[in-house]
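Reading through the structure tokens given below for one structure.
Chains as they are written, first to last, in the working numbering: chain A, 11 to 112; chain B, 38 to 661.
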């Protein structure tokens with residue numbers, strides 16, 4: 011059985027980041043967009059934690075906590091706005107968010 | 038004395054500004070009277086100054102600094118010496134008379150006020166030209182008279198021909214003025230000053246080749262202003278302007294500015310007799326050339342204009358041969374009788390409803406006695422019959438040519454004197470004698486206003502007696518000009534020359550009378566090839582049109598259509614179009630859709646990452 015090393019974590023992180031990026035680009039549903047953002051942030055967290063462990067330096071993991079905190083507050087604000095938007099327009103589809111077009 | 042100098046200089050300016058106040062309103066008599074009165078004041082001041090400088094004094098003032106930068110120092114300096122006092126007298130006398138005359142002549146013109154504003158502005162510029170104590174001031178006056186001349190030739194600007202003639206005069210003069218400017222630059226470059234006294238003092242230390250160049254370039258300027266060949270065509274066309282303008286600007290004052298320049302710069306020309314000789318040759322050529330064109334012309338004013346050209350040639354002969362005081366003397370005498378001739382022609386034009394062809398006149402001596410007498414007097418003076426002004430001044434030039442052993446010049450000038458007599462009296466005979474042909478054309482001639490004739494009378498008087506001042510004048514101007522007396526030493530030769538010239542001239546006059554007393558169209562003569570050449574002014578205007586104007590127009594068209602439109606404009610348009618099109622094309626990106634924005638953001642991110650990667654690889658490679 012092969013030992014799981016840093017590279018595996020980094021590959022996982024990259025795959026997750028790519029999935030998140032794809033989600034951001036493709037999804038039309040606002041809620042799904044938030045999920046995609048979460049995936050992006052957490053893929054970075056995995057990388058932070060793995061590299062932190064690899065070097066034996068805790069500051070990476072500390073940073074991951076900061077990211078979790080910021081992600082939580084972002085979701086709190088974002089979901090609040092989403093609810094307001096749903097009440098106003100009855101839809102959370104991105105296509106309805108076009109009032110600022112050039 | 039300074040006060041008189043300032044009055045003489047600035048009174049015309051005051052008159053001009055006063056008339057300019059009314060320039061947009063219909064005829065206001067006061068706009069004519071005030072400038073005339075101010076010019077009379079200017080004349081009186083000039084007279085005081087003349088009497089003062091006759092005593093050997095000069096007045097030199099520096100009103101204020103004009104330019105002081107580095108080594109360059111040019112003040113508004115004015116100098117009244119014997120030469121400029123002479124010029125001031127000529128200018129103020131003729132212009133005062135022309136102003137008063139114009140009150141009558143322009144009586145029915147709706148731009149009466151504007152006319153006086155420009156006319157007085159001209160006199161002011163001319164005064165600056167003759168009174169300045171440095172070349173820069175002279176140049177300002179030089180350009181000022183050019184500008185006023187342009188405005189006055191094109192005074193009736195609704196006439197196509199008038200505006201054309203005005204532009205022609207202006208452009209021709211620009212060509213020459215470039216030469217003059219180069220001359221002035223060279224002077225400053227080599228002597229470090231533009232003040233006459235300093236320049237002339239420093240000239241003897243300058244390399245003779247450079248002095249020649251300066252002399253040539255200054256003379257190019259003089260050629261333009263004084264309409265010497267090949268820049269002469271504008272003068273005849275300038276006759277489109279009102280006749281008083283022709284009398285003042287294109288006979289008595291402005292066109293003589295070139296002669297004045299050569300006379301003023303005499304220390305320069307004394308160093309370069311070869312250039313002087315060239316000037317004399319050109320002058321003699323122009324004298325004959327212009328006189329020959331006057332022989333056949335059928336336009337009263339053009340005949341007189343050619344005559345002016347021819348007389349300017351005489352002046353340049355004298356100036357070129359170093360007889361500066363003779364040139365100035367002929368300038369003065371010529372100003373009087375030529376202005377008189379023009380004003381007389383103005384009277385005739387008025388009487389004939391602006392008809393200019395003398396073949397349609399005839400017999401006017403009955404209805405226009407005053408004009409007839411004055412024009413005859415002026416013509417006699419022009420022909421150089423004893424004892425009128427022309428005799429003293431013109432014969433003197435002939436004597437100068439003779440004494441300096443330039444017999445070819447002498448012969449040319451002698452023949453020209455005969456031609457002068459012929460065309461002058463051809464004109465007089467056609468206008469005033471013979472049958473009253475004008476009746477056929479339904480004209481009702483009438484004499485001009487009495488005050489116009491009275492205004493002209495001082496000129497008539499001067500045309501008669503100016504010769505008597507020869508010795509007084511000689512003693513005065515030779516205080517600044519080289520003192521060379523011209524006497525034919527052998528009395529027999531002298532008398533043969535003088536009497537011979539007189540007889541020749543009188544014979545020409547009689548011939549003109551005989552031929553044109555009865556004005557019949559001489560078809561056989563008009564078929565003659567020589568006549569045709571003269572009639573078409575040696576085809577020079579035609580040549581200019583064909584070989585300068587047309588190619589230039591074609592060149593301009595190419596530059597406009599092919600270079601400006603297709604290269605310059607296209608480049609500028611392309612720059613604008615690139616931005617415009619880019620905006621048009623990329624504007625779709627701002628569709629307000631969050632999703633597409635996010636996609637673009639990702640594209641940007643990838644691009645940046647790629648750049649960073651390329652950069653880091655490149656760094657590694659370079660370092661490795």
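Using N, Cα and C, we set each Cβ at its ideal position, and we do this for glycine too.
For clarity, every value in this text was computed on a predicted model and none was experimentally measured.
{"query": "Pick from A:61, A:54 and A:63: whose alpha carbon is nearest that of residue 78 of chain A?", "result": "A:54"}
{"query": "Between residue 340 of chain B and residue 112 of chain B, what straight-line distance do the alpha-carbon atoms span, to the nearest angstrom?", "result": "42 Å"}
{"query": "What beta strand (DSSP E) runs, 3 residues minimum, are completely inside the segment 159–209 of chain B?", "result": "none"}
{"query": "When you compare the CB positions of residue 467 of chain B and residue 317 of chain B, do they come within less than 8 Å of one another, or not?", "result": "no"}
{"query": "Would the beta-carbon of residue 162 of chain B fall within 8 Å of that of residue 178 of chain B?", "result": "yes"}
{"query": "Just the chain A side, please: which residues come within less than 7 Å of residue 631 of chain B by C-beta, in chain order?", "result": "104 and 107"}
{"query": "State yes or no: is the C-beta of residue 141 of chain B within less than 8 Å of the C-beta of residue 488 of chain B?", "result": "yes"}
{"query": "I need the DSSP call for residue 520 of chain B, collapsed to helix, strand or coil.", "result": "coil"}
{"query": "Should residue 529 of chain B go down as buried or exposed, given a rule of 16 or more other Cβ atoms within 10 Å for buried?", "result": "exposed"}
{"query": "Mark residue 236 of chain B as exposed unless 16 or more other C-beta atoms lie within 10 angstroms of its C-beta, in which case mark it buried.", "result": "buried"}
{"query": "With a cut-off of 8 Å on the beta carbons, I'd call residue 27 of chain B and residue 283 of chain B a contact; round off their distance for me.", "result": "Since the first residue of chain B shown is 38 and the last is 661, residue 27 of chain B is not available in this structure."}
{"query": "Assuming residue 411 of chain B and residue 382 of chain B form a contact by the criterion Cβ under 8 Å, report the distance between their Cβ atoms to the nearest whole angstrom.", "result": "Actually they do not touch by this definition, with Cβ atoms about 11 Å apart."}
{"query": "Taking 7 Å as the cut-off, does the CB of residue 445 of chain B come closer than this to any heavy atom belonging to the ligand SAM?", "result": "By its list of ligands, the structure shown contains no ligand whatsoever, and the ligand SAM lies outside what it can speak to."}
{"query": "Can you tell me the Cα-Cα spacing of residue 353 of chain B and residue 321 of chain B, whole angstroms?", "result": "8 Å"}
{"query": "Give a yes or no on whether the C-beta atoms belonging to residue 333 of chain B and residue 572 of chain B are separated by under 8 Å.", "result": "yes"}
{"query": "Is the separation between the beta-carbon of residue 500 of chain B and that of residue 365 of chain B shorter than 8 Å?", "result": "no"}
{"query": "Are any of the Cβ atoms in chain A nearer than 8 Å to that of residue 646 of chain B?", "result": "no"}
{"query": "How long is the line joining the alpha carbons of residue 83 of chain A and residue 48 of chain A, rounded to whole angstroms?", "result": "12 Å"}
{"query": "Any Cβ of chain B within less than 8 Å of the Cβ of residue 35 of chain A?", "result": "yes"}
{"query": "Please confirm if residue 20 of chain A has its CB atom under 8 Å from at least one CB of chain B.", "result": "no"}
{"query": "Spell out a yes or no on whether the segment 369–376 of chain B and the segment 273–289 of chain B are touching, meaning 3 or more CB-CB pairs, one atom from each, closer than 8 Å.", "result": "yes"}
{"query": "Out of curiosity, what's the CA-to-CA distance linking residue 597 of chain B and residue 329 of chain B?", "result": "41 Å"}
{"query": "How would you list, in chain order, the residues of chain B whose beta-carbon sits under 7 Å from the beta-carbon of residue 51 of chain A?", "result": "The contacting residues do not exist; residue 51 of chain A stays about 15 Å from chain B at best."}
{"query": "Please list the partners that residue 635 of chain B has in chain A, where partner means a Cβ-to-Cβ separation under 7 Å.", "result": "34 and 35"}
{"query": "From this set, B:146, B:87, B:134 and B:138, which residue's C-alpha is nearest residue 125 of chain B's C-alpha?", "result": "B:87"}
{"query": "Pull up the distance between the alpha-carbon of residue 430 of chain B and that of residue 464 of chain B, whole angstroms please.", "result": "22 Å"}
{"query": "Determine the chain B residues that contact residue 38 of chain A at a beta-carbon separation under 7 Å, and present them in chain order.", "result": "632"}
{"query": "Can residue 298 of chain B and residue 323 of chain B be called in contact, C-beta distance under 8 Å?", "result": "no"}
{"query": "By the criterion of Cβ-Cβ separation under 7 Å, what are the contact partners of residue 31 of chain A in chain B?", "result": "639"}
{"query": "By the DSSP assignment, the alpha helix (DSSP H) with residue 97 of chain B in it spans what residues?", "result": "Taken as a continuous stretch (DSSP letters only), residue 97 of chain B belongs to no alpha helix (DSSP H), being part of the beta strand (DSSP E) at 96–106."}
{"query": "Based on the DSSP output, what are the partners of residue 116 of chain B in its beta bridges?", "result": "B:97"}
{"query": "Taking its Cβ as the centre, do 16 or more other Cβ atoms sit within 10 Å of residue 99 of chain B, making it buried, or is it exposed?", "result": "exposed"}
{"query": "Select from B:437, B:395 and B:418 the residue whose C-alpha is nearest the C-alpha of residue 361 of chain B.", "result": "B:437"}
{"query": "CB residue 588 of chain B to CB residue 270 of chain B, shorter than 8 Å?", "result": "no"}
{"query": "Over the uninterrupted alpha helix (DSSP H) stretch that includes residue 482 of chain B, give me the two end residues.", "result": "Per DSSP, residue 482 of chain B belongs to no alpha helix (DSSP H) and is neither H nor E."}
{"query": "Have a look at residue 132 of chain B and residue 448 of chain B and give me their C-alpha separation to the nearest angstrom.", "result": "35 Å"}
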